[in-house]
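A.B. asks:
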Amino acid sequence: MNICVFLSAADLDERYTRPAREFGRLLGKGGHTLVWGGSDTGLMKVVADGAQEAGGRLCGVSVEFLAAKARDGVDEMVIAGDLAERKRLLLEKADAVVIMVGGTGTLDEATEILELKKHGHTEKPVVLLNTAGFYDGLKEQFRRMEDEGFLPRPLTDLVFFAEEPVGALAYLEESLGVE
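Residue 168 in numbering that gives the first Met the number 0 sits at position 169 of the sequence shown; the count goes up by one each step and never skips.
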């Protein structure tokens, strides 16, 4: 599987780095490819390190203004002209998406894939990895959107909420019939 991971490039503490590294390792051990923003900083570096150390392939999609932070020694690196092209390429290369902790860029990427899915433009499985309860508020907001009629599809059709990396990968493998 080609698994796109949206996450922060910020340097964060262990409560966020441990699950990112663990997910990367699980992905690599499973023989999957990490498709990610290509950065060699922060959580992006952590998840890529985990995947590469465990034998996974790395496919990065950076953007021109961040190309200096792109990771060397990957299986594939694409440099997009702008953020919109980067998102499009990340999603094109992915069989599934995992949303990890992040800031406004991660939130933008997350809402784009969910909007595409809401309108039936993709059926790729999407997991929101709720590390340390980071997305509890967003989860509550999504439920309110569903309860008050803002979502034309059930929330469970759009996104699966996982609390731990192992649950996130298990859901993706089951969704796509990977043994």
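Ideal Cβ positions, reconstructed from N, Cα and C, are used throughout, including at glycine.
Run through DSSP, which three-state label would residue 56 get?
C.D. replies: The answer is strand: DSSP assigns residue 56 an E or B state.
A.B. asks: Measuring alpha carbon to alpha carbon, tell me which of 85, 121, 93 and 95 ends up nearest residue 107.
C.D. replies: When only C-alpha atoms are compared, the closest one is 85.
A.B. asks: Might you give, ordered along the chain, the residues of its own chain that have their beta carbon closer than 8 Å to the beta carbon of residue 126, omitting 5 neighbours on each side?
C.D. replies: Counting only Cβ-Cβ distances below 8 Å, and skipping sequence neighbours, we find 95, 96, 97, 98, 158, 159, 160, 161, 167, 170 and 171.
A.B. asks: Please say whether residue 60 and residue 33 have beta carbons closer to each other than 8 Å?
C.D. replies: Contact: no.
A.B. asks: Just to confirm, are residue 8 and residue 27 a CB contact at a threshold of 8 Å?
C.D. replies: Contact: no.
A.B. asks: Where residue 179 and residue 139 are concerned, what is the direct C-alpha to C-alpha distance, given to the nearest angstrom?
C.D. replies: The structure shown does not extend to residue 179, since the chain is modelled only from 0 through 178, so no value can be given for it.
A.B. asks: If residue 37 and residue 0 are in contact, beta carbons under 8 Å, what's the gap, nearest whole angstrom?
C.D. replies: 19 Å between Cβ atoms; not a contact.
A.B. asks: Report the three-state DSSP secondary structure of residue 147 (helix, strand or coil).
C.D. replies: Residue 147: coil per DSSP, three-state reduction.
A.B. asks: What are the boundary residues of the alpha helix (DSSP H) that includes residue 19?
C.D. replies: Taken as a continuous stretch (DSSP letters only), the alpha helix (DSSP H) holding residue 19 covers 13-28.
A.B. asks: What would DSSP say about residue 6, mapped onto helix, strand or coil?
C.D. replies: Looking at residue 6 - three-state DSSP - the assignment turns out to be coil, as it is neither helix nor strand.
A.B. asks: Going by CA-CA distance only, name the one from 78, 79, 113 and 16 that's closest to residue 48.
C.D. replies: The option with the nearest alpha carbon to residue 48 is 16.
A.B. asks: Count the other CB atoms within 10 Å of the CB of residue 45; is the residue buried (16 or more) or exposed (fewer)?
C.D. replies: Counting Cβ neighbours within 10 Å, residue 45 comes out buried, since at least 16 surround it.
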